[in-house]
Amino acid sequence: MFAEYSLPELGSIFVMQGFAGLILFSVFLLMALGLAIIFGQMGVINMAHGEFMILGAYVTYFTSQFFLNYIPALFSIYFFLAMGLAFLASGALGMFIEWAMIRHLYKRPLDTLLATWGLSLILQQLYRSFFGPREVGVELPEWMMGSIPVTDMVEVQINGLFVMGLTMAITIAVAFLMYKSRWGKQVRAVVQNRVMAGAVGINTEKVDRYTFALGCGIAGVAGSAFTMIGSTGPTSGQLYIVDTFLVVVFGGAASLLGTIASAFTISQAQSTMEFFLSGSMAKVLTLLGVVGILMLRPQGLFTLKVRR
Amino acid sequence: MSDDIERGLESSLRRKLLMGMAAIPAVALMPKFALGAGPATSEVNTTGLAVTDTEVTVGILHSVTGTMAISETGSVQAEKLAIEQINAAGGVLGRKIKYIQEDGASDWPTFAEKAKKLLVQDKVAAIMGCWTSASRKAVLPVIEQYNGMLYYPTFYEGLEQSKNVIYTGQEATQQILAGLDWVAKEKAGKSFYLIGSDYIWPRTSMKIARKHIEAHLGGSVSGEEYFPLGHTQFNSVINKIKLRKPDVIYCAVVGGSNVAFYKQLKAAGIDLSKQTLLTISVTEDEIDGIGGENITGAYACMKYFQSLENDNNKEFVAEFKKMWGEKTVIGDVTQAAYLGPWLWKMTVEKAGSFDVDKIAVASTDIEFTKAPEGYVKIHENHHLWSKARVGQVQPDGQFKVVFETADLIEPNPFPEGYQ
Amino acid sequence: MKNTAFLNRSELIAVAILAVLILVVLPMSLDGFRLNLVGKYLTYAFVALGLVMCWGFGGILSLGQGIFFGLGGYCMAMFLKLEASSVENTKIQSTPGIPDFMDWNQITSLPWFWEPFKSLPATMLLVVGVPVLLAFILGFAMFTRRVGGTYFAIITQAIAAILTILIIGQQGYTGGINGITDLRTLNGWDIRTDDAKFILYFVSAGLLFACILIAYFVKHSKLGRILVAMRDKEDRVRFSGYNVSNFKIFVFCLAAAFAGIGGAMFTLQVGFMSPSFVGIVPSIEMVIYAAVGGRLSILGAIYGTLLVNWAKTAFSESFPELWLLGLGGLFIAVVLAFPNGLAGIYTSYAEPFIRKLMNKKPDILPGGNIPQGSPAE
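Protein chains in written order, with this note's numbering: chain V, 1 to 308; chain P, 1001 to 1419; chain R, 2001 to 2377.
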C-alpha cells in the first residue's frame, strides 16, 4: 500500500502517525490514572469512573458559559480554572461517595462493582434531568484549537500537545505523591497491610477517603480535558469505561509504571492497526490481544508483591 | 420552568382559538367537524380503537432514557407540538388527540414491548415513534401483526416498505444521490473518502454512494472506513485522509463519535473551508454538541434545515421555540417527526375513519402544504416525495442553504442498480 | 438438611409454591399481553439462576452472562430465520432462499456456519452447545491460570464488548445492529399468535423448573458443597487435593447452558434477537436480578427477576425518569443493606414469624452468611 507514495510523504506520515499514537497514549493514561489509584491502591472497582469524568466535563461547560457571559475578556484562560474546579467537584463527590457507600464495602470488592454501577445509573439520570438529555458543546478558546504546521504534511495538534503536557504533569504529580510524600507512604502502607498500618497510628479511614477522592478528582480533570476531543452528554462516560478498565488491568493493578506501560502498548497497537485495517477490526483485534495476554498473564504486565 | 412554558403556550393557543371563533367568517371556513360535532364513533371506528365521541388516543414511542435520548428528544417535542396545534385547530374528526407516551429506553426489545402495549392495551389509533433502524425493525412485526399505524421520522437506509408504516424521513437514495451530484459538479469532486459508524444505515448509505460515484459520476473512492458506535479516537483515520488527499470526505458518523470526529478534524488542521466535507448525519441537533465553530464550512445533505426561508417554516420555528425554549434547535428528523401527526390527521379526514386499513389506503397522495420543509406528498409506497437540500454550516451552528433540487424526488426504497 | 439426594421438605414446598404461582395463578389472573411479558421475564430468570450457581455458590462473578444468553438466542434465531427465508418467501431477492439481510449485503450463498441451523435437532443441540463451548474455552483458559474475582469480571466484560462489536460489524452474516428480525414459524407452527405465546409461556416455565431441579441437584451433591467450600477458602480446598479449576469450569459451563436455553426461549417469545443482549449493560442488569433475589437462593433468583422486571415495566410506563434512579438505588441498596436480597429478608424476618405461627422450633438456617472477600488468587 505504500508504493504509490513518495519518500517524504511516507516519512511525514510516520511522524504524524507516531504523534497520533502518542496522543492516544496520553488519553488512555489520563483516563486510567484515576482508576489506577482507586482500583490499584484500594481494590475498589469503580464502574462510575466515566460519570466522574463527565462531571468534570459539565463543570468545564458551565465555567465556559460563565466566562462567555460575564468575563469574556478572560475567556482564553478559563480552561485552567475549569480544570481546577472539575478536580474539586469530582473529588468532593468522590469523598461523599466513599463516606456513604464505599467504606462499607472494602471487604467485598465485587460488591463495589455492583454498587458503583448503580451509582453510575443514578448519576446519568441526574445529569439528564438537570443538564438536559442533549449533548452540550463546550466552546474552547481559539488558541487551543488548530495546529502548528511544521512542514507541508506534518502538523502538530495543539490540543494533542495540551493533553500530553497535562498527562505528564499529572502522572509526575501522582508519582511524587505516591512514592515520595508522607501521605503516599501511608497509602501504600494501608494497601500492603491495613491492620498493621492502623496499628502504627495511620488513620486508615482518612487515607481511604482521600485516596478515593484523589482518584475521582483526576477523573474529573480527565473529563475536563476530554471536552477538547470528545462529546459531553449524560451517557458519554460509558464510552470510556471498558478501555479504561482494560488499561488498568492489563498494566497490573497496583503499579503506576504498569499502567503507563499498558496505556502505551494498547494505544500504539490500536493506532497502528487503525492505520492499516478498518476501525472496527482494529478495535476488536486490540481487545482480543489484551484479553489473550491477560489470560496468559493474569496478573498484568507489572505486579507488586502484596502480603495478604 | 417547563410548566411556565407550557402554561404560556396554552394561554396563547387559547387566545388564538378565541380570536378564531370570534371571527365568524373564519368559523364558516373551518372544516365542518372542527367544533366537536364529529361523525358518530361507531362509523369512524369499526376496529375497537381508543376513540370516544370527544377523544382519540395516539401513542408516542421514543427513548427518553439511555444513549438515544440525545437524539430522540427533539422528535418527542415536535410530535407534542403538532398534537397541540391540531387540537387547537379543532382536533381530528371533531375529536381531541390524547397521547400516551412510552419510553423505549434505547433498547430495541423494550420498543417492541411498548409498541405491543400501546396497540393491545391502549388500542391507540396511531403511533408516532422509533428513531433508529434497529428500533423500527423490532417494532415492525408487532405493528404488522396487530395492524397498527406507525409514523417513522428518521432518514433511513431504505429496503423496507410496509402498509402499516409511513416513513416521513427520506430513504437513502433521496438523501444521497442529489447531494453527490451537487458535490461532483460544484466542487469538482472526483475522489471520495467514505467514513461511517459501523452499523446498517451508514454501510447501506455508503454502498449506494459508492455505486453512484463509480458508475454515474466517474469518480473514485479512495478509502472506506467504519468505526464502532461510540468510538472517540479518529487521529489515525485523519492521517490516512491527509495522505490520500481526497476531494471530498463523505461522512456518516453518528452519535457521540460525531463530536470527537469533528473536534479532532479541526485540531488536526483540516480546514473545512478548503477541504470539502459532505455529511449525511449532522443536523442542527448534532451541531449543538459539536459546537458550530468546530464544523464551520462543512456541507450537509438533508431535506430540511432550520434556516429554510419560507412562511411555513418561520411559523413552525417560532411555535417550536415558544413551546420548548429559545435555545432549542430543530434538525431534519425533528421536522419529519412534526409531519407525522399532521399527515395522520389529514389521512383520517380523507378516509373519514380511524380504521387502520382505510388509512393505509387513503395515505397515498396525501398532500401537506403547510409542511415546514415546503410541501410533501405521500407516495403509494408510503414514503414521502421530498426535495434534497445542501446546507453549509455557519459558525452559529445554523446552515446556509446552498443548493436545493428543483423538483420533489420520488422515494425509491428498493433502488435498482444500487443493491 | 440430610436429604442430600434431591430436595428436602421445605425446598419441596417452596418449589411447589413457585410452581403454583407461575403455572396456575399468573396465567389465570393476567391477560395475554401481560402473561407474555412474564414469559419474557422468565427467560431472564434462566440467567439469574445460572448466576446464583456460579456467583453465589462458586464465587465467580461473570459480567458476561449476556454473551451466553445472546448466543443461545442467536442460535434459535438463525434457525427461525432460515425457516422464514424459504425460497418462495424471498423470491423478490436477488438470491432467493437466504435471509434478507444477507441479500442486502451482497452475500449470494448461505455461509457455512449457518448450515447446521437448517435442522431443528441440531439447533437445539447448539443452543446449549455453543454457549457451553465458549464458556469452557474461557473457563479453561482463565481458571487453570487462577484468574479470579475482579479480574475475571472485567475480562468477561471485555469479551462481551468484543462480541458486540463483531456482531454489529459483520452485518452480512449476523444481521448487524438490527439483529435477526421478523421470525415467524417454528417447524411450520406460527409463533406469533396469542395461542402460541400462551403455549410458549408454559414451555419456558417447564424448562425453568427443570433447570431449578438441576440446580438443586448440584447444590445438594458433593459438587455443590465443594463449590461453597471453594468460594470461602479456595486454597484449603486445593490443598485437600481437589482440582479447583475443574469445578469452576463446570459451574461456569452450567450457568452458560442455562443462559443459552433462556436466550432461545426469549427469541421464541419475542420474535427477534439483537446484539443489544450481548453487551455489557444487559449482562450487569442480569446480575442485579440474582442479587435482588438473593445470590445464595435458587428460588430467590426467580422471584428477583420477576420483581425487578415487573417494577421496570410498571415504573417505565408512568415515570421513565424515575426508573433509572430506582434501578440505580436498587443496586446500591441490595449491596449495602440487603446483601442476601429477598431470600435474606425472608430467612431473617418472615421465616421465624411463620415458624412461630406454626409453633415449631427453628432449625439451623441454611446458607446464612455472604461470602467475605474474594477467593484467594
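Here a beta-carbon is modelled for each residue, glycine too, at the ideal position from N, C-alpha and C.
Quantities reported herein were computed from a predicted structural model and do not represent experimental measurements.
Host alpha helix (DSSP H) of residue i (start-end)
| i | result |
| --- | --- |
| T1279 of chain P | Unbroken run through T1279 of chain P is the beta strand (DSSP E), 1276-1279; no alpha helix (DSSP H). |
| E98 of chain V | 78-100 |
| A2282 of chain R | The sequence shown places Pro at residue 2282 of chain R, not Ala. Unbroken alpha helix (DSSP H) run through P2282 of chain R: 2280-2293. |
| I2226 of chain R | 2222-2232 |
| S1205 of chain P | 1200-1211 |
| K1242 of chain P | 1235-1244 |
| S2316 of chain R | 2298-2318 |
| Y210 of chain V | 204-226 |
Supposed contact pair residue j and residue i - C-beta distance, whole angstroms, cut 8 Å
| i | j | result |
| --- | --- | --- |
| G300 of chain V | G258 of chain V | 6 Å |
| T2090 of chain R | D2100 of chain R | 7 Å |
| L88 of chain V | T63 of chain V | In fact, because the Cβ distance is near 12 Å, the residues do not count as touching under 8 Å. |
| T1283 of chain P | V1183 of chain P | The Cβ separation is near 18 Å, so there is no contact. |
| P1153 of chain P | G1169 of chain P | 5 Å |
| L2324 of chain R | L121 of chain V | 5 Å |
| E51 of chain V | Q124 of chain V | 6 Å |
| I1330 of chain P | K1350 of chain P | Contact doesn't hold; Cβ gap of about 27 Å is too wide. |
For residue i, three-class secondary structure by DSSP
| i | result |
| --- | --- |
| P1025 of chain P | Residue confidence for P1025 of chain P is low, a pLDDT of 44 falling below 50, so the modelled location carries little weight; the figure read from the coordinates is stated next. Three-state result, P1025 of chain P: helix. |
| F1111 of chain P | helix |
| G2097 of chain R | coil |
| T1369 of chain P | coil |
| R1389 of chain P | strand |
| G2367 of chain R | Confidence at G2367 of chain R is low in this model, with a pLDDT of 44, below 50, so the placement of that residue should be treated as unreliable; the coordinate-derived value is given next. DSSP places G2367 of chain R in coil when its eight states are reduced to three. |
| S26 of chain V | helix |
| C1301 of chain P | strand |
| T1405 of chain P | coil |
| Y2346 of chain R | helix |
| F1227 of chain P | strand |
| V291 of chain V | helix |
| L110 of chain V | helix |
| R2145 of chain R | coil |
| G1036 of chain P | Only weak support exists for where G1036 of chain P lies, its pLDDT of 48 falling under 50; the value from the coordinates is given anyway. Looking at G1036 of chain P - three-state DSSP - the assignment turns out to be coil, as it is neither helix nor strand. |
| G2059 of chain R | coil |
| K2091 of chain R | coil |
| E1416 of chain P | coil |
| M1030 of chain P | Note that M1030 of chain P has pLDDT 44, beneath the 50 cutoff, so the model's placement of it is unreliable and no number is given. |
| I1359 of chain P | helix |
| M2358 of chain R | coil |
Where residue i meets chain R, residues with beta-carbon distance less than 8 Å
| i | result |
| --- | --- |
| D111 of chain V | V2335, P2339 |
| W1342 of chain P | Per Cβ cutoff of 8 Å: no residues; W1342 of chain P is ~26 Å from chain R at best. |
Where the beta strand (DSSP E) containing residue i begins and where it ends
| i | result |
| --- | --- |
| G1325 of chain P | Counting along the chain, G1325 of chain P falls outside any beta strand (DSSP E), and DSSP gives it neither H nor E. |
| S1257 of chain P | Taken as a continuous stretch (DSSP letters only), S1257 of chain P belongs to no beta strand (DSSP E), being part of the alpha helix (DSSP H) at 1256-1267. |
| F62 of chain V | That residue, F62 of chain V, is in no beta strand (DSSP E); its alpha helix (DSSP H) goes 49-70. |
| A1252 of chain P | 1248-1252 |
| I2261 of chain R | Not the beta strand (DSSP E): I2261 of chain R falls in the alpha helix (DSSP H), residues 2244-2270. |
| M273 of chain V | No beta strand (DSSP E) holds M273 of chain V; the alpha helix (DSSP H) holding it covers 256-276. |
| L1061 of chain P | 1055-1062 |
Cross-chain neighbours of residue i in chain P, by beta carbon under 8 Å
| i | result |
| --- | --- |
| A20 of chain V | N1235, S1236, I1238, N1239 |
| S2119 of chain R | The premise fails here: S2119 of chain R is roughly 24 Å from chain P at the closest Cβ pair, so nothing lies under 8 Å. |
| S147 of chain V | A1267, A1268, G1269 |
Where residue i meets chain R, residues with beta-carbon distance less than 7 Å
| i | result |
| --- | --- |
| I45 of chain V | T2150 |
| W117 of chain V | I2284, F2331 |
| E1315 of chain P | None at all; the shortest Cβ gap to chain R is about 31 Å. |
Partners in chain R for residue i, counting only beta-carbon separations shorter than 9 Å
| i | result |
| --- | --- |
| V1356 of chain P | Chain R residues near V1356 of chain P: none, gap ~18 Å exceeds 9 Å. |
Listed by chain order, chain V residues near residue i by CB distance under 8 Å
| i | result |
| --- | --- |
| D1198 of chain P | G279, S280 |
Contacts that residue i makes with chain V (C-beta to C-beta distance below 7 Å)
| i | result |
| --- | --- |
| I1409 of chain P | The contacting residues do not exist; I1409 of chain P stays about 30 Å from chain V at best. |
Contact list for residue i against chain P, beta-carbon separation under 7 Å
| i | result |
| --- | --- |
| N159 of chain V | A1267 |
Inside the stretch 2162-2223 of chain R only - alpha helix (DSSP H) runs reaching at least 4 residues:
If we require 4 residues or more, the alpha helix (DSSP H) runs fully inside the stretch 2162-2223 of chain R come out as 2171-2174, 2194-2220.
Would you mind listing the alpha helix (DSSP H) stretches within the stretch 124-193 of chain V that are 4+ residues and don't spill past its ends, in chain order?
The qualifying runs are 158-179, 182-192.
For a minimum of 4 consecutive residues, which ranges assigned as the alpha helix (DSSP H) are wholly contained in the stretch 1063-1089 of chain P?
Assignment of alpha helix (DSSP H) within the stretch 1063-1089 of chain P, counting only whole runs of 4 or more residues, yields 1069-1088 in chain order.
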